[in-house]
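*Asks:*
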Amino acid sequence: MSDLSVSEYVSHQDELEQEAKELMPWDPKTCTYEMGPLRQPVFACRTHKYIGLCYSCSIQCHTKCDIVELFTKRHFTCDCGTERDNQEPGERGFRCQIRQNREPDVPSFTNTYGQNFRGLFCECKKEYDPDSNDTMIQCVLGAECNEDWYHESCIGKNFPPLESFDAYICWKCVKKYDYYFKRILSHALSEKIIAHTLIHGIQEDKTEDPKPSSGMKRTADEVDSQPNNNEYSIFLKEGFSENLGKLKDSIEGNNDKLYLFLNDLVPFLIRDEPVYEPVENSEDTPDDMISNILRNAMHREQAIAGISAFNALKNKLNEFLKPFAETGNVVKEEDIKDFFQRPEGTSK
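Quick note: the sequence shown uses the UniProt record's numbering, first residue 1, plus one each step.
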């Protein structure tokens with residue numbers, strides 16, 4: 001430990017507290033299992049069968065596990081404390097420490113699990129690298145790729161400027177629903193929906209939009225004749241949802257395949273599905289967080305003893321630092337060593 005003043009120590013503690021609030025902004029007291037399928041932040045547990053956890057369970061129930069943050073997933077139900085979760089019950093016998101169920105609950109059979117749950121992302125199947133400068137973007141459709149995240153360098157050459165589009169659909173999902181996207185591309189409203197298309201894996205410059213600059217709609221045959229009839233990604237314009245809604249409403253007959261696709265299969269492209277977020281954790285301090293972890297990690301008697309010991313150490317440290325704060329003296333490394341080596345109950 002390097003020398004520091006008490007004011008620097010306090011400032012550093014404030015920074016750590018702010019960082020903790022940014023990393024864990026919500027109150028981790030509610031498991032979402034009983035709410036059913038939600039669009040919510042999901043965390044994969046690589047320690048226990050690559051299951052998916054809600055925000056609270058990733059903190060309260062799988063504290064010591066290898067957790068991967070996946071950000072939001074649609075239509076997902078928390079796996080914590082279900083038959084899919086092979087974690088042994090806690091000391092109090094609870095499968096989920098929040099729901100406090102002693103028997104495993106029935107898991108959701110509508111959850112889908114892509115490679116993200118193993119901590120792998122993009123076509124390159126690599127783990128997320130926080131130090132990389134390569135921008136990652138999530139597929140807004142996700143029906144084929146499980147809402148995967150892609151490096152812009154893996155999507156294709158001549159990746160368009162980020163400010164030129166509002167959302168991205170990967171080539172895998174476009175290929176799966178090729179018929180519907182060809183019809184959208186040939187519709188007059190495509191000028192207000194599609195910002196760019198980009199062929200996947202093509203190294204030559206082919207970033208032209210797959211629609212005429214005049215805004216006239218093309219026939220399906222004209223769409224088929226384009227070079228980008230290969231695997232390609234689609235970039236959606238700002239306001240695409242409203243114009244997809246207009247396109248859907250312009251279709252005659254509710255039995256039309258494109259109408260059913262937009263209305264039943266991908267309605268979230270027209271009406272964005274809200275993301276469930278727990279109550280904000282605006283009051284808890286790091287002390288509160290430690291107390292919560294202790295309470296959930298052990299029996300009541302042990303928790304009380306642990307919290308008491310923590311508070312006693314904190315009070316003694318504050319008492320030890322008080323003279324330094326009053327005189328403005330620097331706290332040296334040997335001072336800290338002396339504090340922790342001193343017999344319990346003695347003072348300076």
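The beta-carbon is built from N, C-alpha and C at its ideal position, and this holds for glycine as well.
In this text the structure is predicted, and so the values were computed from the model without any measurement.
Would the region 56 to 66 count as touching the region 26 to 33 if we require 3 or more Cβ pairs under 8 Å?
*Replies:* Output reads yes: the region 26 to 33 touches the region 56 to 66.
*Asks:* How many Å lie between TYR323 and ARG342 at the Cα?
*Replies:* What you label residue 323 is simply residue 323 of the sequence shown in a count that begins at 1. What you label residue 342 is simply residue 342 of the sequence shown in a count that begins at 1. The question names Tyr, but residue 323 in the sequence shown is Pro. PRO323 and ARG342: Cα-Cα distance of roughly 17 Å.
*Asks:* In three-state DSSP terms, what is VAL174?
*Replies:* On the sequence shown, residue 174 is found 174 positions in, with the first residue counted as 1. VAL174 falls in the helix class under three-state DSSP.
*Asks:* Using CA atoms only, rank isn't needed, just tell me which of ASN158, TYR179, ALA143 and SER108 is closest to ILE169.
*Replies:* Mapped onto the sequence shown, residue 169 falls at position 169. Comparing Cα positions, the closest option is ALA143.
*Asks:* Examine the Cβ distances between the region 76 to 85 and the region 108 to 119 and report whether three or more of them are shorter than 8 Å.
*Replies:* yes
*Asks:* Do you know whose CA, among HIS48, SER153 and VAL140, lies nearest GLU123's CA?
*Replies:* Sequence index remark: in the sequence shown, residue 123 carries index 123 (1-based). Cα-wise, what sits closest to GLU123 is SER153.
*Asks:* Between the alpha carbons of PHE268 and LEU317, how many angstroms are there, rounded?
*Replies:* Here residue 268 refers to the residue found at position 268 when the sequence shown is read from its first residue. Here residue 317 refers to the residue found at position 317 when the sequence shown is read from its first residue. Computed Cα separation, rounded: 54 Å.
*Asks:* How would you label TYR150, buried or exposed, when you count the other beta carbons within 10 angstroms and need 16 or more for buried?
*Replies:* On the sequence shown, residue 150 is found 150 positions in, with the first residue counted as 1. Label assigned to TYR150: buried.
*Asks:* If you draw a straight line from the alpha carbon of residue 403 to that of GLU191, how long is it in whole angstroms?
*Replies:* Residue 403 is absent from the structure shown; the chain starts at 1 and stops at 348.
*Asks:* In this structure, does DSSP put LYS316 in helix, strand or coil?
*Replies:* Position 316 of the sequence shown holds residue 316. LYS316: helix per DSSP, three-state reduction.
*Asks:* Need the endpoints of the beta strand (DSSP E) that TYR168 sits in, please.
*Replies:* As a working mapping, residue 168 is identified with position 168 in the sequence shown. From DSSP, the beta strand (DSSP E) with TYR168 extends over 167 to 169.
*Asks:* Just to confirm my understanding: we take TRP171, look at its own chain, exclude 5 residues before and 5 after, and list those with CB closer than 6 Å. What are they?
*Replies:* Position 171 of the sequence shown holds residue 171. So the list reads HIS200, GLU231, TYR232 and SER233, once near-sequence residues are dropped.
*Asks:* Can you give me the Cβ contacts of PHE43 inside the same chain, cut-off strictly under 6 Å, excluding the 5 residues immediately before and after it?
*Replies:* By one-based count along the sequence shown, residue 43 stands at place 43. Hits under 6 Å: LEU53, SER58, ILE67 and GLU69.
*Asks:* At what residues does the alpha helix (DSSP H) containing GLU333 begin and finish?
*Replies:* Taking the first residue of the sequence shown as position 1, residue 333 is located at position 333. Its alpha helix (DSSP H) spans residues 333 to 341.
*Asks:* Residue range of the alpha helix (DSSP H) that residue 356 falls in?
*Replies:* Residue 356 is absent from the structure shown; the chain starts at 1 and stops at 348.
*Asks:* To which residues of the same chain is ILE51 closer than 6 Å at the C-beta, ignoring the five residues directly before and after it?
*Replies:* Translated into the one-based positions of the sequence shown, residue 51 becomes position 51. Excluding sequence neighbours, ILE51 sits near CYS45, ASP79, ARG84 and ASP85.
*Asks:* Helix, strand or coil, according to DSSP, for ASN329 in the structure here?
*Replies:* Along the sequence shown, read from residue 1 onward, the residue named residue 329 stands at position 329. In this structure, ASN329 counts as coil in the three-state DSSP scheme.
*Asks:* Contact defined as beta carbons within less than 8 Å: I believe TYR276 pairs with GLN40. What is the distance between those atoms, to the nearest angstrom?
*Replies:* Counting from one through the sequence shown, the residue named residue 276 turns up at place 276. Counting from one through the sequence shown, the residue named residue 40 turns up at place 40. About 4 Å separates the two Cβ atoms, so the contact holds.
*Asks:* Based on the DSSP secondary-structure assignment, which residues constitute the bridge partners of GLY52?
*Replies:* Translated into the one-based positions of the sequence shown, residue 52 becomes position 52. In DSSP, GLY52 forms a bridge with ALA44.
*Asks:* For the beta strand (DSSP E) that contains LYS73, what are its first and last residues?
*Replies:* Here the question's residue 73 lines up with position 73 in the sequence shown. Start and end: 67 to 76.
*Asks:* Which residues in the same chain as PHE117 place their Cβ atom closer than 6 Å to its Cβ, once the five residues preceding and following it in sequence are excluded?
*Replies:* As a working note, residue 117 is residue 117 in the sequence shown. Taken in chain order, the residues that qualify are ALA44 and TYR50.
*Asks:* Quick check: the Cα distance between ASP148 and GLU333, rounded to an integer number of angstroms?
*Replies:* If you number the sequence shown from 1, residue 148 lands on position 148. If you number the sequence shown from 1, residue 333 lands on position 333. Distance between the alpha carbons of ASP148 and GLU333 is about 48 Å.
*Asks:* Report buried or exposed for PRO161, applying the criterion of at least 16 other Cβ atoms within 10 angstroms of its Cβ.
*Replies:* Residue numbering aside, residue 161 sits at position 161 when the sequence shown is read from its first letter. By the neighbour-count rule (16 or more Cβ atoms within 10 Å), PRO161 is not buried but exposed.
*Asks:* Nearest to GLU88 by alpha carbon, out of PHE339, GLU103, PHE76 and ILE155?
*Replies:* Translated into positions along the sequence shown, residue 88 becomes position 88. It is GLU103.
*Asks:* Can you check which of these residues, LEU313, GLN115 and SER241, is closest to GLU127 by C-alpha distance?
*Replies:* As a first step, residue 127 must be located in the sequence shown, where it is residue number 127. Selected option, being the one with the closest Cα: GLN115.
*Asks:* In terms of residues, what are the limits of the beta strand (DSSP E) holding LEU236?
*Replies:* On the sequence shown, residue 236 is found 236 positions in, with the first residue counted as 1. Residues 232 to 236.
*Asks:* Quick check on ARG92: buried or exposed, where buried means 16 or more other Cβ atoms within 10 Å of its Cβ?
*Replies:* In the sequence shown, counting from the first residue as 1, residue 92 sits at position 92. Exposed, because fewer than 16 other Cβ atoms sit within 10 Å of the Cβ of ARG92.
*Asks:* From the DSSP output, in three-state form, read off ARG39 for me.
*Replies:* Position 39 of the sequence shown, counting from 1, holds the residue named residue 39. Three-state result, ARG39: strand.
*Asks:* For HIS62, which residues does DSSP report across the bridge?
*Replies:* As a first step, residue 62 is located in the sequence shown; it is residue number 62 there, counting from the start. Beta-bridge pairing links HIS62 to no other residue.
*Asks:* Taking just the CA atoms, how far does PHE94 sit from PRO274?
*Replies:* The residue given as residue 274 occupies position 274 in the sequence shown. The residue given as residue 94 occupies position 94 in the sequence shown. Answer to the nearest angstrom: the Cα atoms are 31 Å apart.
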